[in-house]
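Notes to accompany the following structure.
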């Protein structure tokens with residue numbers, strides 16, 4: 001795509017934008033749009049996961065440009081708007097694999113994008129926030145012997161900003177309450193339609209056994225992966241969110257703090273599950289990335 005000149009919030013920001021294929025999954029090309037500031041790039045990158053209920057659509061990138069992408073560009077960040085395999089065709093565990101792949105791809109091509117491979121952050125709201133946390137809490141070391149050189153890279157990011165994310169599917173609003181596609185997430189049932197490939201029939205078989213589904217629910221919950229090597233994490237939530245309980249961010253923040261992870265919880269009085277909660281706290285989000293992605297020596301291969 002050619003360079004763009006765009007106006008937002010009273011400032012002009014020139015940037016280049018291009019679409020890149022970062023993976024292929026069952027014949028589907030997975031893409032990201034790379035936004036690079038034409039001036040004053042700071043050498044750090046921020047991944048923005050485009051995800052609403054783990055439904056991911058390239059067209060949705062446009063609405064993120066004025067509210068989030070442009071402010072990051074003005075601060076000098078290269079922004080990677082990542083589209084993952086979408087619900088209902090792809091399930092939550094597959095979405096998480098896409099997120100890991102995107103980080104590895106960006107890190108492998110860091111020089112081409114003009115960024116430091118050890119200064120990569122992730123962000124998103126709701127389901128996008130969940131994926132951001134997964135690569136901040138459950139990032140994986142590279143595989144030195146992998147046939148694909150991209151897979152030799154770590155999928156760990158160095159800073160996370162997550163807006164009203166789901167964090168614990170086995171304790172939803174209260175201890176022991178599971179949320180694996182039930183109300184109010186019933187409209188997102190496809191993301192929780194877990195299946196395994198039967199090698200004999202070469203067909204997918206649905207996983208319905210409660211214990212197996214519980215194990216998967218635990219694995220896809222960021223809170224299950226909290227540890228001292230997690231990325232510094234900022235959580236933003238509105239106390240009037242009726243879709244994802246604020247408890248999800250509160251319990252995550254408490255566990256991060258107990259693990260000694262640099263973290264902060266911002267609760268917006270009266271805030272809901274909407275854009276206002278993001279825009280009101282965008283300055284804190286930008287400051288968080290400035291603080292934790294500043295030029296420094298970092299170790300990427302620490303899952």
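Numbering (full-length UniProt numbering), first residue to last: 1 to 303. Every residue gets a Cβ at the ideal spot worked out from N, C-alpha and C, and that includes glycine.
Between the segment 175-183 and the segment 256-268, the count of Cβ pairs shorter than 8 angstroms is below three; the stretches do not touch.
In the displayed model, residue 98 falls within a helix according to three-state DSSP.
For the segment 169-239, the continuous alpha helix (DSSP H) assignments of 4+ residues that do not extend past its boundaries occur at 210-219, in sequence order. 8 angstroms or more divides the Cβ of residue 84 from the Cβ of residue 122. Excluding five sequence positions before and after residue 167, the CB atoms of its chain that fall closer than 6 angstroms to its own CB belong to 222, 223, 248 and 252, given in chain order. When secondary structure is reduced to three states using DSSP, residue 119 falls in the coil class, being assigned neither helix nor strand. Distance from the CA atom of residue 135 to the CA atom of residue 201, rounded to whole angstroms, is 33 angstroms. In the DSSP assignment, residue 28 falls within the unbroken beta strand (DSSP E) covering 28-37.
Using a Cβ-Cβ distance cut-off of 8 angstroms, the segment 223-234 and the segment 155-163 are in contact, since at least three pairs of beta carbons, one from each stretch, lie closer than that value. Here residue 155 carries a coil assignment [DSSP, helix/strand/coil]. Residue 277 is positioned such that its CB atom lies closer than 8 angstroms to that of residue 268.
DSSP places residue 274 in the coil class of the three-state scheme, outside both helix and strand. Under the three-state reduction of DSSP output, residue 43 falls in the coil class, being neither helix nor strand. Per DSSP, residue 51 lies in no beta strand (DSSP E) segment and is marked neither H nor E.
In the displayed model, residue 16 falls within a strand according to three-state DSSP.
When C-beta atoms of the segment 88-101 are compared with those of the segment 36-55, three or more pairs fall below 8 angstroms, so the two segments count as touching. In the three-state DSSP reduction, residue 244 falls in the coil class, being neither helix nor strand.
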